[in-house]
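Reviewing the structure listed below.
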Amino acid sequence: MAEGGQGSTGALRAGIAVAGITALGAFGPVLGLSAAWIVVAVGGALVTLSVDAATWEGMGGHILAEALPGGEERLHRIAVHEAGHVLIAEAEQLPVQQVLVGTLACVRAGLRSSGATEFAVPDSVRMPLEDLRRWSRVLQAGIAAETVVFGKARGGADDRALLGRLWGLSGHDVATAQREQRRARREIEQQLRQQREVLDQQAVVLLEAAPRLGR
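Using the working numbering, the first residue of the sequence shown is number 4, and each one after it goes up by one.
Here it is, written out as structure tokens:
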């Protein structure tokens with residue numbers, strides 16, 4: 004499913020803006036840039052960031068962050084998350100429709116996300132308990148994969164929200180839902196630890212296929 008957040012690019016964009024302003028102020032005159040051009044450049048950058056936040060919900064900043072040095076590390080985490088979904092979905096025989104790694108790939112597909120693994124929509128929201136268990140494993144697989152590889156997960160808010168809705172509409176009580184989700188999480192973390200090499204290989208495949216600006 005859609006992968007909502009992978010760290011704070013808001014802080015990154017702010018840092019880039021501050022660094023740019025500082026660099027222009029310090030080295031602009033040395034390079035022969037007039038104060039007027041520095042003001043225009045800074046103003047343009049701030050307007051661009053504002054427009055991105057207002058119209059693209061910051062997606063432009065995400066795309067830029069993924070293209071900059073260090074962006075591959077961010078994409079690697081997203082690829083690991085989606086690889087977890089792919090491997091557990093395969094084990095649960097749940098067909099995957101498409102896998103997207105990176106904001107650029109998602110924007111091209113019409114999604115406002117940093118990564119996504121899409122599955123067929125369930126035929127009914129009131130699923131049997133075993134189907135709910137399968138979805139509990141598949142939807143938590145991205146979070147589990149990040150935990151196995153990085154020690155903790157940053158993404159997965161959309162996955163947790165969808166899983167909560169599925170259990171909420173199932174008619175089962177909260178205690179049952181929580182117990183089954185914890186059980187599923189333990190199972191898939193153990194499974195992914197045992198398949199760590201396969202998980203890493205799948206993440207590499209997804210990372211290599213992820214589009215970035217400039218390539």
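Glycine included, each C-beta is placed from N, C-alpha and C at the ideal position.
Just so we're clear, the structure is a prediction, and the values are computed from it rather than from any experiment.
DSSP beta-bridge partners of residue i
{"i": "Q101", "result": "E121"}
Member of the options whose CA lies at the smallest distance from the CA of residue i
{"i": "L97", "options": "P72, E192, D176 and T120", "result": "T120"}
{"i": "C109", "options": "P125, V208 and I66", "result": "I66"}
{"i": "K155", "options": "A164, A144 and V99", "result": "A144"}
{"i": "H175", "options": "R136, G118, D203 and Q198", "result": "R136"}
{"i": "G159", "options": "L107, D134, R129 and R188", "result": "R188"}
{"i": "D162", "options": "S139, E183, V152 and R182", "result": "S139"}
{"i": "E133", "options": "L78, F153 and S173", "result": "S173"}
{"i": "H79", "options": "V99, G64, L103 and E93", "result": "L103"}
{"i": "R69", "options": "L107, V89, L90 and V99", "result": "According to the sequence provided, residue 69 is Glu. The question's Arg does not apply to it. When each option's Cα is compared against that of E69, the closest is L107."}
{"i": "R129", "options": "I81, W170 and V99", "result": "W170"}
{"i": "F122", "options": "V89, M62, R185 and G73", "result": "V89"}
{"i": "R77", "options": "V99, A94, G118 and E95", "result": "G118"}
Residue i, buried or exposed, once every other Cβ within 10 Å from all chains shown has been counted against 16
{"i": "A112", "result": "exposed"}
{"i": "V177", "result": "exposed"}
{"i": "Q101", "result": "exposed"}
{"i": "A92", "result": "buried"}
{"i": "V141", "result": "buried"}
8 angstroms contact criterion, which residue i and residue j should meet: CB distance rounded
{"i": "V83", "j": "A206", "result": "5 angstroms"}
{"i": "G87", "j": "A148", "result": "3 angstroms"}
{"i": "E85", "j": "L209", "result": "6 angstroms"}
Local conformation of residue i per DSSP, three classes
{"i": "Q9", "result": "Residue placement at Q9 is poorly supported in this model, since its pLDDT is 44, which falls under 50; the coordinates are not used for a value here."}
{"i": "R185", "result": "helix"}
{"i": "R196", "result": "helix"}
{"i": "H84", "result": "helix"}
{"i": "D2", "result": "Outside the displayed span of the chain (4 to 218) sits residue 2, for which this structure offers no information."}
{"i": "L71", "result": "coil"}
{"i": "E211", "result": "helix"}
{"i": "A108", "result": "helix"}
{"i": "A206", "result": "helix"}
{"i": "Q172", "result": "As written in the sequence, residue 172 is Leu, which differs from the Gln given in the question. L172: coil per DSSP, three-state reduction."}
{"i": "E95", "result": "coil"}
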